[in-house]
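Asker: Chains as they are written, first to last, in our numbering: chain Z, 671 to 996; chain V, 190 to 579. Where is the CB? At the ideal position from N, CA and C, for every residue including glycine. Source: prediction; values computed, not measured. The structure that follows is given in the form of structure tokens.
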Amino acid sequence: MNIKVFEKLRAAELINDTELGAVKAAEDQRLFSLHWEIKTLLYLGVLLLSGGLGILIYKNIDTIGHQVILLIIGAISAGCFSYCIRKKAPFSWEKVNSPNAFFDYALLLGCLTFVTFVGYLQFQYTAFGTAYGLATFIPLAVLTVSAYYFDHLGVLSMAITNLAAWMGIALTPFQVLSANDFGNERLIYTGAILGVLLLSLALISARKNLKKHFAFTYQNFGAHIIFIASVAGMIVFDTGWIAWFAFMAVVAYFLYQEAFKERSFYFVLITVLYSYVAISIAVVRLLILTNDIGGIYLGLLYFIASAIGVIVLLINLNKKIKHARV
Amino acid sequence: MLAYNSTTLDNLEIKEEAEKALRKNCIELSTYKAIEAAHPVNFYTPNPVIKIGLFILTVVIVSFSLGLLSLMMLDLLRNEDGFAGLCILAGLVCYGVLELFIREKKLFRAGVDDALLWGAVLLICSSMAIVDHVSAGTICFVVCFVTLLATLRFADMVMAGVSYLAFLGFIFTVAMELGPVAKIIMPFLIMVISFTVYVAVKKISGYHFSRHYKHCLTVISVLSLLTLYLAGNYYVVRELSNVMFGLQLQDGQSIPGALFFWAYTAVVPLVYLWLGIHKKDAVLLRTGMILLAAIVFTVRYYHSVLPLETAMVLGGLVLTVGAWALIRYLKTPKHGFTYVETEDPSLADKLKLESLIIAQTYVPGAQPATTNDIQFGGGSGGGGGASGDY
Numbered sequence: 671m672n673i674k675v676f677e678k679l680r681a682a683e684l685i686n687d688t689e690l691g692a693v694k695a696a697e698d699q700r701l702f703s704l705h706w707e708i709k710t711l712l713y714l715g716v717l718l719l720s721g722g723l724g725i726l727i728y729k730n731i732d733t734i735g736h737q738v739i740l741l742i743i744g745a746i747s748a749g750c751f752s753y754c755i756r757k758k759a760p761f762s763w764e765k766v767n768s769p770n771a772f773f774d775y776a777l778l779l780g781c782l783t784f785v786t787f788v789g790y791l792q793f794q795y796t797a798f799g800t801a802y803g804l805a806t807f808i809p810l811a812v813l814t815v816s817a818y819y820f821d822h823l824g825v826l827s828m829a830i831t832n833l834a835a836w837m838g839i840a841l842t843p844f845q846v847l848s849a850n851d852f853g854n855e856r857l858i859y860t861g862a863i864l865g866v867l868l869l870s871l872a873l874i875s876a877r878k879n880l881k882k883h884f885a886f887t888y889q890n891f892g893a894h895i896i897f898i899a900s901v902a903g904m905i906v907f908d909t910g911w912i913a914w915f916a917f918m919a920v921v922a923y924f925l926y927q928e929a930f931k932e933r934s935f936y937f938v939l940i941t942v943l944y945s946y947v948a949i950s951i952a953v954v955r956l957l958i959l960t961n962d963i964g965g966i967y968l969g970l971l972y973f974i975a976s977a978i979g980v981i982v983l984l985i986n987l988n989k990k991i992k993h994a995r996v
Numbered sequence: 190m191l192a193y194n195s196t197t198l199d200n201l202e203i204k205e206e207a208e209k210a211l212r213k214n215c216i217e218l219s220t221y222k223a224i225e226a227a228h229p230v231n232f233y234t235p236n237p238v239i240k241i242g243l244f245i246l247t248v249v250i251v252s253f254s255l256g257l258l259s260l261m262m263l264d265l266l267r268n269e270d271g272f273a274g275l276c277i278l279a280g281l282v283c284y285g286v287l288e289l290f291i292r293e294k295k296l297f298r299a300g301v302d303d304a305l306l307w308g309a310v311l312l313i314c315s316s317m318a319i320v321d322h323v324s325a326g327t328i329c330f331v332v333c334f335v336t337l338l339a340t341l342r343f344a345d346m347v348m349a350g351v352s353y354l355a356f357l358g359f360i361f362t363v364a365m366e367l368g369p370v371a372k373i374i375m376p377f378l379i380m381v382i383s384f385t386v387y388v389a390v391k392k393i394s395g396y397h398f399s400r401h402y403k404h405c406l407t408v409i410s411v412l413s414l415l416t417l418y419l420a421g422n423y424y425v426v427r428e429l430s431n432v433m434f435g436l437q438l439q440d441g442q443s444i445p446g447a448l449f450f451w452a453y454t455a456v457v458p459l460v461y462l463w464l465g466i467h468k469k470d471a472v473l474l475r476t477g478m479i480l481l482a483a484i485v486f487t488v489r490y491y492h493s494v495l496p497l498e499t500a501m502v503l504g505g506l507v508l509t510v511g512a513w514a515l516i517r518y519l520k521t522p523k524h525g526f527t528y529v530e531t532e533d534p535s536l537a538d539k540l541k542l543e544s545l546i547i548a549q550t551y552v553p554g555a556q557p558a559t560t561n562d563i564q565f566g567g568g569s570g571g572g573g574g575a576s577g578d579y
């Protein structure tokens, strides 16, 4: 805080002496926080350590042997889980705060090593047979149970990503578009189903008060995947695109209502932007039908005018949510 | 000079300060309301999320308008000069609209204004690259000049940073004209300029008139610290001399004055760190931390002291244990340092962000079973990448 500002406020008699004193005292006691610096060092250290150990093991695989490595990974996982089970607060459908700072990381490490363990077993020994489903389903079950049992949002997003992988979609945030072939019709249907599933889970956890704070994570993944699938559907299907457009309109209306209920700027924004993309695709598809050079001019004009329209819309929505909040 | 009303900017700062005081329970809510009422802020600044949307949409509008203009004037655009002219025209229009919006609609960091400003500067400056008979020095000079004006008028951080870098680029190209002397004095010239700029910025930020530019000044001070280091970094000096001055060094051959540059490479980040801790200066401290990595990379590039994995394990151990020890040490605040986070509302959603990062780095493990043993790396990569986030 800037003491000079408060001294001016005191001179203008907007604050009294006790308040000025409190500000000065707080400023005197202010400490220089090294939180992010130390945390970065810690992250970096763990990154280097795990990477280095990984290479060391990889290079010496012949002398160590697969069983030993499996044993070590399994031991780490079991150790982490047993620590978490001992330390955890009693289960509740409400939000449960973690008992200490290391708990979250221990749980995360336990889950990650468990996934690696199952993956390793499957890769080296084909322990779960050639049916692809089982090897992804076991981590999915363990991750989901852990997320609810220990109340960990990070593990929940891992579970969701795993659910998507089980259904055949890569849901990693920055690779949603690059890792999936959305030209594939089956993948589009799967994406839509997954989106509906996640959105229903979000709705259930919010309405029934079952780990209410998980709703955002479900809704976030669900909204993106369902919108991307619908937009892909509108591009890929030559005759059925109108059906996808209608489907998307329903979803967008639902999400818009939800976003307003929760007063979430974020969901209002993504709903508006995805809907804008969908409407633009519809307009471009119709313009292509005209088969005329004038269509290009009309298209460009449409984009300029519509983008201005969406800006005005967003500014108004921003105002509306803000006033709804007060 | 500034496009924004100076009193309103002051009021904004007072309001933000009062908000901080309110969060720390130093002042009453009624006092805060009174302060807010006495210092009206009529800027339009939407929610940060909406701001991103407005930014994207403005970029859409500018690009499609440019497309439409080029289409309509297709006949005039027979050569590059025509298109460059169109770019300048479009940039000027962007600038005009920006001024109009700020005056009439009181936009302040609203996404629309950022997009228009960056768009205007980008369009005007890229016109020089399009016609391709403009020398590098002229481009640097014009970019520096345009962004400097933009910084003074709109106090935009990105413009300030670009302006400083373009200024260095201009000095570099001018000094290159000196011929053989250039390659000897260049590192020192850049060092001297960076240092002067850093000291000047420190000095300027102490004055009252610079209060609306404090974020710009922070950006420039970080960049000047970085360039001060990079100008003498062994890797940068050696490879740049090789490329720009045709030294034609073979692998293993060294540059003149290598000892000086090696010492500089290793010592400067430590000096930054020491000064940062000593003066409790976050800029110096963080820059020093980033540059520690630069030491490691420079040394490892020329001398493989240890096999990579051993170095990684050792470095990881040192960092992890060191960080852990620091956390324990700072459990109760010492010497004015603490491990406790400063309360910042923008970090409130950190947990949700963290869960997204986990999902980003986490690759669902089990791969389909294959008999090919060599592909083992795929499986381990998933595990390694994921545990990295822990």
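#1: Are the beta-carbon atoms belonging to Gly838 (chain Z) and Thr860 (chain Z) less than 8 Å from one another?
#2: So Leu718 (chain Z) and Leu508 (chain V) are supposed to be a Cβ contact under 8 Å. How far apart are they, rounded?
#3: In the DSSP assignment, find the alpha helix (DSSP H) that holds Phe897 (chain Z) and state where it starts and stops.
#4: Kindly indicate which residue of Z:Leu779, Z:Lys992, Z:Arg856 has the alpha-carbon position closest to the one of Ile746 (chain Z).
#5: If you draw a straight line from the C-alpha of Val460 (chain V) to the C-alpha of Asn890 (chain Z), how long is it?
#6: Rounded to whole angstroms, how far is the Cβ of Ser430 (chain V) from the Cβ of Lys523 (chain V), which I believe are closer than 8 Å?
#7: With Ile409 (chain V) and Val390 (chain V) assumed to form a contact (beta carbons below 8 Å), what rounded beta-carbon distance in angstroms separates them?
#8: Check the Cβ-Cβ distances between Ile974 (chain Z) and every residue of chain V, and say whether any is below 8 Å.
#9: Would you tell me roughly how many angstroms separate the C-alpha atoms of Leu186 (chain V) and Thr385 (chain V), rounded to the nearest one?
#10: At a cut of 8 Å, does the segment 978-996 of chain Z reach the segment 960-968 of chain Z through at least three beta carbon pairs?
#11: Check each candidate in Z:Ala811, Z:Lys931, Z:Trp836, Z:Val766 and name the one with the smallest Cα separation from Ala876 (chain Z).
#12: Is the closest heavy atom of the ligand NAD to the C-beta of Lys204 (chain V) under 7 Å?
#13: Could you tell me which chain Z residues have their CB closer than 9 Å to the CB of Lys469 (chain V), listed as they occur along the chain?
#14: Does any C-beta atom of chain Z lie closer than 8 Å to the C-beta of Gln556 (chain V)?
#15: Give a yes or no on whether 8 Å exceeds the smallest Cβ distance from Ser219 (chain V) to chain Z.
#16: For Trp706 (chain Z), count neighbouring Cβ atoms within 10 angstroms of its own Cβ and tell me buried if that reaches 16, exposed if not.
#17: What residues match up with Leu296 (chain V) in a beta bridge as DSSP calls it?
#18: Helix, strand or coil, according to DSSP, for Asp538 (chain V) in the structure here?
#19: Measure the Cβ-Cβ separation of Val282 (chain V) and Phe290 (chain V) and say whether it is below 8 Å.
#20: Measure the C-alpha to C-alpha separation of Arg298 (chain V) and Ala349 (chain V) and round it to an integer number of angstroms.
#21: Under the assumption that Asn1063 (chain Z) contacts Asn231 (chain V) (Cβ atoms under 8 Å), give the Cβ distance between them as a whole number of angstroms.
#22: Taking 8 Å as the threshold (beta carbon to beta carbon), is Asn961 (chain Z) in contact with chain V?
#23: On the DSSP bridge list, what partners appear for Ser352 (chain V)?
#24: Just to confirm my understanding: we take Trp451 (chain V), look at its own chain, exclude 5 residues before and 5 after, and list those with CB closer than 8 Å. What are they?
#25: Could you check whether Phe244 (chain V) and Phe973 (chain Z) sit closer than 8 Å to each other, using their CB atoms as the reference points?
#26: Kindly say whether Gly838 (chain Z), judged by its beta-carbon, lies nearer than 8 Å to any beta-carbon of chain B.
#27: From Ser576 (chain V) to Val238 (chain V), what distance separates their C-alpha atoms?
#28: Quick check: is the beta carbon of Met944 (chain Z) nearer than 8 Å to any beta carbon in chain V?
#29: What does the alpha-carbon distance come out to for the pair Glu498 (chain V) and Leu723 (chain Z)?
#30: Counting pairs of Cβ atoms below 8 Å between the segment 206-217 of chain V and the segment 693-713 of chain Z, do you hit three or more?
#31: Can you find the residues in the same chain that come closer than 7 Å, C-beta to C-beta, to Val788 (chain Z), ignoring five residues on each side of it along the sequence?
#32: Given this structure, state the Cα-to-Cα distance separating Ile277 (chain V) from Gly505 (chain V), to the nearest angstrom.
#33: Kindly list, in the order they appear in chain Z, the residues whose Cβ is closer than 7 Å to that of Ile239 (chain V).
#34: Could one say the Cβ of Leu474 (chain V) lies closer than 8 Å to chain Z's Cβ atoms, at least one of them?
#35: Nearest CA to the CA of Leu191 (chain V): which residue from V:Val388, V:His492, V:Asp345?
#36: According to DSSP, is Phe434 (chain V) part of a helix, a strand, or is it coil?
Answerer: Well, looking at it:
#1: By one-based count along the first sequence, residue 838 (chain Z) stands at place 168. By one-based count along the first sequence, residue 860 (chain Z) stands at place 190. In contact: Gly838 (chain Z) and Thr860 (chain Z) (Cβ atoms closer than 8 Å).
#2: By one-based count along the first sequence, residue 718 (chain Z) stands at place 48. By one-based count along the second sequence, residue 508 (chain V) stands at place 319. Contact flag correct, Cβ pair sits at about 7 Å.
#3: For the purposes of this step, residue 897 (chain Z) is taken as residue 227 along the first sequence, with counting starting at 1. Element bounds for Phe897 (chain Z): 885-906.
#4: By one-based count along the first sequence, residue 746 (chain Z) stands at place 76. Measuring from the Cα of Ile746 (chain Z), the nearest candidate turns out to be Z:Leu779.
#5: Mapped onto the second sequence, residue 460 (chain V) falls at position 271. Mapped onto the first sequence, residue 890 (chain Z) falls at position 220. Going by the C-alpha atoms only, they are around 45 Å apart.
#6: Here the question's residue 430 (chain V) lines up with position 241 in the second sequence. Here the question's residue 523 (chain V) lines up with position 334 in the second sequence. Contact flag wrong, Cβ pair sits at about 45 Å.
#7: Within the second sequence, numbered from 1, the residue matching residue 409 (chain V) stands at position 220. Within the second sequence, numbered from 1, the residue matching residue 390 (chain V) stands at position 201. Yes, they are in contact, since the Cβ atoms of Ile409 (chain V) and Val390 (chain V) sit about 5 Å apart, within 8 Å.
#8: As a working mapping, residue 974 (chain Z) is identified with position 304 in the first sequence. Interface flag for Ile974 (chain Z) against chain V is set, since a Cβ pair is found closer than 8 Å.
#9: The question about residue 186 (chain V) has no answer, for chain V in this structure spans 190 to 579.
#10: no
#11: As a working note, residue 876 (chain Z) is residue 206 in the first sequence. Here the closest residue by C-alpha is Z:Lys931.
#12: As for the ligand NAD, it is missing from this structure, which has no ligand bound.
#13: Taking the second sequence and counting its residues from 1, the one referred to as residue 469 (chain V) is at position 280. Those within 9 Å of Lys469 (chain V) in chain Z are Phe702.
#14: Sequence index remark: in the second sequence, residue 556 (chain V) carries index 367 (1-based). Confidence at Gln556 (chain V) is low in this model, with a pLDDT of 40, below 50, so the placement of that residue should be treated as unreliable; the coordinate-derived value is given next. Chain Z contact via Cβ: present.
#15: The count along the second sequence starts at 1 and reaches residue 219 (chain V) at position 30. With 8 Å as the cut-off, Ser219 (chain V) does not count as an interface residue toward chain Z.
#16: Against the first sequence, residue 706 (chain Z) aligns to sequence position 36. With fewer than 16 Cβ atoms within 10 Å of its Cβ, Trp706 (chain Z) is classed as exposed.
#17: As a first step, residue 296 (chain V) must be located in the second sequence, where it is residue number 107. Leu296 (chain V) pairs with V:Tyr233.
#18: Within the second sequence, residue 538 (chain V) is the residue found at index 349, counting from 1. Note that Asp538 (chain V) has pLDDT 48, beneath the 50 cutoff, so the model's placement of it is unreliable and the number below is only indicative. Residue state, collapsed to three classes: coil.
#19: For the purposes of this step, residue 282 (chain V) is taken as the residue at position 93 of the second sequence. For the purposes of this step, residue 290 (chain V) is taken as the residue at position 101 of the second sequence. No.
#20: Taking the second sequence and counting its residues from 1, the one referred to as residue 298 (chain V) is at position 109. Taking the second sequence and counting its residues from 1, the one referred to as residue 349 (chain V) is at position 160. In a straight line, the C-alpha of Arg298 (chain V) is about 15 Å away from that of Ala349 (chain V).
#21: Outside the displayed range of chain Z (671 to 996) lies residue 1063 (chain Z), so it cannot be described from this structure.
#22: Sequence index remark: in the first sequence, residue 961 (chain Z) carries index 291 (1-based). Not an interface residue.
#23: For the purposes of this step, residue 352 (chain V) is taken as the residue at position 163 of the second sequence. None; Ser352 (chain V) has no bridge partner.
#24: Taking the first residue of the second sequence as position 1, residue 451 (chain V) is located at position 262. So the qualifying residues of the chain are Tyr423.
#25: In the first sequence, residue 973 (chain Z) corresponds to position 303, counting from 1. In the second sequence, residue 244 (chain V) corresponds to position 55, counting from 1. Taking 8 Å as the Cβ cut-off, Phe973 (chain Z) and Phe244 (chain V) do not qualify as a contacting pair.
#26: No chain B is present in this structure, whose protein chains are Z and V.
#27: Position 387 of the second sequence, counted from the first residue, corresponds to residue 576 (chain V). Position 49 of the second sequence, counted from the first residue, corresponds to residue 238 (chain V). Any reading at Ser576 (chain V) is ruled out, since the residue's pLDDT is 32, under 50, leaving its predicted position unreliable.
#28: Position 274 of the first sequence holds residue 944 (chain Z). Sequence inspection shows Tyr at residue 944 (chain Z); the Met mentioned does not correspond to that position. It does not; no Cβ of chain V falls within 8 Å.
#29: By 1-based counting over the second sequence, the position of residue 498 (chain V) is 309. By 1-based counting over the first sequence, the position of residue 723 (chain Z) is 53. Between the alpha carbons of Glu498 (chain V) and Leu723 (chain Z) lies a distance of about 7 Å.
#30: yes
#31: The residue you call residue 788 (chain Z) lines up with position 118 of the first sequence. Contacts found: Ala805, Ile808, Pro809.
#32: Taking the first residue of the second sequence as position 1, residue 277 (chain V) is located at position 88. Taking the first residue of the second sequence as position 1, residue 505 (chain V) is located at position 316. Cα to Cα, the separation comes out at about 51 Å.
#33: Translated into the one-based positions of the second sequence, residue 239 (chain V) becomes position 50. Residues of chain Z passing the Cβ test: Phe935, Leu939, Leu984, Asn988.
#34: Locating residue 474 (chain V) in the second sequence gives position 285, counting from the first residue. Closer than 8 Å: yes.
#35: For the purposes of this step, residue 191 (chain V) is taken as the residue at position 2 of the second sequence. The option with the nearest alpha carbon to Leu191 (chain V) is V:Asp345.
#36: One-based indexing of the second sequence puts residue 434 (chain V) at position 245. For Phe434 (chain V), the three-state secondary structure derived from DSSP is coil.
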